[in-house]
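Shown next, in structure tokens, is the structure this report addresses.
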Amino acid sequence: MGGFVIRKAVLSDATVIADIARLAFYQAFAGHPANSPEDMKAYTEKAFAVETISEDLKNELVHYFIAELDGKPVGYAKVKQNSQIECVKAKKPIELCRLYLLEEYIGKGFGGKLMRHCLEFAIENGHDVMWLGVWEYNYRAQGFYKKFGFRRVGEHIFQLGSDPQIDWVLQKELS
Ligand SMILES: CC(C)(COP(=O)(O)OP(=O)(O)OC[C@H]1O[C@@H](n2cnc3c(N)ncnc32)[C@H](O)[C@@H]1OP(=O)(O)O)[C@@H](O)C(=O)NCCC(=O)NCCS
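In terms of our numbering, the sequence shown is residues 13 to 187.
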């Protein structure tokens, strides 16, 4: 029961996050011919290890938000306060590090709700700019971010295992 809720994750959520993060990442990217199974495995084994997520959850600048539908996790977001990158000019930036829904819940309004939740958190905490990296071939997410007022300001390398991929860096001014 309870419908759709977004809650801030606590340390005991590390396993829940690791599971949903790994699954959502595979659903989003494993089918693309540019991504080899070896690179996917190498990246996800480290990035979504319970220890990695636990370390994140202990970092007071990192925040995970879990989206739940009737008590079941269906997506999550991760933000990092004061995260810097050269092409983003800001007094107090915040990075949207991850925003993922499980495949079957995409396109039903939940992604927008998670995005708005992150934007509200950023504004409440006095951030002036939100930025993120999005894969150059992730057209769906690019369209979504554009709709939310993000614009491209540069690019950086995202290392997927042995493969240096290009991420566009997008930013949005907050007010
Ligand atoms: C990105 C993602 C979270 C968006 O979630 P979503 O559930 O599709 O978003 P919503 O249904 O809430 O859409 C919110 C708004 O954005 C719009 N939108 C969604 N995708 C869009 C697209 N590709 N282009 C333009 N607008 C888009 C919707 O039409 C909706 O507009 P409305 O409020 O006027 O109706 C989702 O696609 C996802 O999880 N993708 C896989 C993981 C991923 O790629 N994450 C980003 C990594 S950088």
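All residues carry an ideal CB built from backbone N, CA and C; glycine is no exception.
- In the three-state DSSP reduction, I97 falls in the coil class, being neither helix nor strand.
- Relative to ligand 1, R164 has its C-beta separated by 7 Å or more from all heavy atoms.
- If you look at K20, you'll find it in the beta strand (DSSP E) that goes F16 to K20.
- Burial is judged here by how many other beta carbons sit within 10 angstroms of a residue's own beta carbon; C99 has fewer than 16 and is exposed.
- For I65 and I29, the gap between their C-alpha atoms comes out near 7 Å.
- Note that the region 14-24 touches the region 66-85; at least 3 beta-carbon pairs, one per stretch, sit closer than 8 Å.
- If the five residues before and after Q177 are omitted, its C-beta is found closer than 8 Å to the C-beta atoms of A46, W147, E148, I169, F170 and Q171, all from its own chain and listed in chain order.
- Taking a C-beta distance under 8 Å as the contact criterion, V74 and T27 do not qualify as a contact pair.
- Cα atoms of Y157 and R128: separation of roughly 11 Å, rounded to the nearest angstrom.
- Residue pairing from DSSP leaves Y117 without any beta-bridge partner.
- Judged by their CB atoms, K184 and G161 are nearer to each other than the 8 Å cut-off.
- No heavy atom of ligand 1 is found nearer than 7 Å to the CB of Y88.
- As DSSP reads the structure, Y76 sits in a beta bridge with K90.
- Less than 8 Å separates the beta-carbon of M142 from that of A134.
- With contacts defined as CB atoms closer than 8 Å, C130 and A102 fail to qualify as a contacting pair.
- Bounds of the alpha helix (DSSP H) holding H129 are F122 to E136.
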